[in-house]
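S.K.:
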Amino acid sequence: GNSVTQMEGPVTLSEEAFLTINCTYTATGYPSLFWYVQYPGEGLQLLLKATKADDKGSNKGFEATYRKETTSFHLEKGSVQVSDSAVYFCALGGAAETGQAGTALIFGKGTTLSVSS
Amino acid sequence: ETGVTQSPTHLIKTRGQQVTLRCSSQSGHNTVSWYQQALGQGPQFIFQYYREEENGRGNFPPRFSGLQFPNYSSELNVNALELDDSALYLCASSLGGVRTEAFFGQGTRLTVV
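For the protein sequence lines, the chains are L and Y, in the order given. With my numbering, the residue at position 109 of the first sequence is 700, and numbering never jumps. With my numbering, the residue at position 40 of the second sequence is 346, and numbering never jumps.
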């Protein structure tokens, strides 16, 4: 079945360090890929997305490229800040299995990022 | 601000009871999805409503049910609560369509004791 696998955390970095959070997926068809961020006590916020192969999503200094050949969508940021501390979720959509909605999202387990000054 | 609001924010129920959670979708959005997020896990898809009809369901038992109203707001009902139902319940609204993004509410934290 469709699934998303993220690198396990927590990831602990110093301010201004480079960030990579790995995400790979298994899906039928041509899914869209998303990164969501969750700050403590809050819901999910869309960070970036890519809807087709080789698309690069970017927002707030974060980037991820949809790689169909490696079924990956790794999240990167060149210089993290303390305010980036949160849980990051990779998700795929538009690859519904039987009975599910076409727009249902399948999430990874999340990666906790902690940035210290 | 996403415009998706959920109520209540926190709730404590006893095993065996029933609960109703509510969600107001973002203006203009006709599709509402519900997710369950257990502690330390990613959200799991429960079901989705599109124009008042259930439009797909994840791997959840029938005691999880829902409604969508003409104004596209939605309810999630859970009967015969179990301890494992303790989780953050997230509502997401969207315009429908495979490539559109979903906007999430802040969630309802349900604790079953």
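C-beta atoms are modelled at their ideal positions from N, C-alpha and C, and glycine is treated no differently. Quick caveat: nothing in here was measured; it's all calculated off a predicted structure.
1. What ranges does the beta strand (DSSP E) occupy inside the segment 596-661 of chain L, keeping only unbroken runs of at least 3 residues that lie completely in it?
2. Roughly how many angstroms separate the alpha carbons of D391(Y) and I318(Y), rounded to a whole number?
3. Beta carbon of E709(L), beta carbon of V673(L): below 8 Å?
4. Any residues in the segment 385-402 of chain Y with a beta carbon nearer than 9 Å to a beta carbon of chain L? Which ones, in chain order?
5. Residues of chain L with CB under 9 Å from G309(Y), in chain order?
6. Could you check whether the segment 613-633 of chain L touches the segment 649-662 of chain L, counting it as contact only if at least three pairs of C-beta atoms, one from each stretch, sit closer than 8 Å?
7. By DSSP, does S379(Y) sit in helix, in strand, or in coil?
8. From G362(Y) to S605(L), what distance separates their C-alpha atoms?
9. Since G699(L) and T596(L) should fall inside the 8 Å C-beta cutoff, what is the C-beta to C-beta distance between them, to a whole number of angstroms?
10. Below 7 Å between beta carbons is the criterion; list the residues of the segment 356-375 of chain Y that meet it against any residue of chain L, in chain order.
11. For a contact defined as C-beta to C-beta under 8 Å, what are the partners of E407(Y) on chain L?
12. If you measure between the beta carbons of S380(Y) and S333(Y), is that distance less than 8 Å?
13. Tell me whether T689(L) sits in a helix, a strand or coil according to DSSP, three-state version.
14. So, helix, strand or coil for L373(Y), using DSSP?
15. Counting C-beta neighbours from all protein chains within 10 Å, is the total for V419(Y) 16 or more, i.e. buried, or is it exposed?
16. Determine whether the Cβ of G413(Y) lies closer than 8 Å to any Cβ atom of chain L.
17. Answer yes or no: do S251(Y) and A398(Y) have a C-beta to C-beta separation smaller than 8 Å?
18. Can you pull the chain Y residues whose beta carbon is under 7 Å from the beta carbon of K700(L), in chain order?
19. Please list the residues of the segment 314-333 of chain Y that have a C-beta atom closer than 7 Å to any C-beta atom in chain L, keeping them in chain order.
M.R.: Based on what the coordinates show:
1. Entirely contained in the segment 596-661 of chain L, the beta strand (DSSP E) runs reaching 3 residues are, in chain order, 602-605, 610-612, 614-617, 623-629, 635-641, 647-650 and 653-656.
2. Taking the Cα positions, D391(Y) is about 11 Å away from I318(Y).
3. This structure leaves residue 709(L) out entirely; chain L is present only between 592 and 708.
4. Those residues of the segment 385-402 of chain Y that come within reach of chain L (Cβ to Cβ, closer than 9 Å) are L394, L396, C397, A398, S400 and G402.
5. At a C-beta separation below 9 Å, G309(Y) has no neighbours in chain L, since its nearest C-beta there lies roughly 12 Å away.
6. Between the segment 613-633 of chain L and the segment 649-662 of chain L, the count of C-beta pairs closer than 8 Å reaches three or more; the two stretches touch.
7. When DSSP states are grouped into helix, strand and coil, S379(Y) belongs to the coil group.
8. A direct Cα-Cα distance of roughly 43 Å separates G362(Y) from S605(L).
9. Taking a contact as a CB-CB distance under 8 Å, the pair G699(L) and T596(L) counts as one, their CB atoms being some 6 Å apart.
10. For the segment 356-375 of chain Y, which is checked against every Cβ of chain L, the residues closer than 7 Å are N361, G362, R363 and G364.
11. Residues of chain L passing the Cβ test: F625, L637 and K640.
12. Their beta carbons are not under 8 Å apart, which means S380(Y) does not touch S333(Y) by this criterion.
13. With a pLDDT of 49 at T689(L), under the threshold of 50, the modelled position of that residue is not reliable, and the figure given next carries that caveat. DSSP places T689(L) in coil when its eight states are reduced to three.
14. In this structure, DSSP gives L373(Y) an extended state, which the three-state scheme calls strand.
15. Around the CB of V419(Y), fewer than 16 other CB atoms lie within 10 Å, so the residue is classed as exposed.
16. Closer than 8 Å: yes.
17. Chain Y is shown from 307 up to 419; residue 251(Y) falls before or after that span and cannot be answered.
18. Neighbours of K700(L) on chain Y, chain order: Q347 and G348.
19. Correct list: empty, as no residue qualifies.
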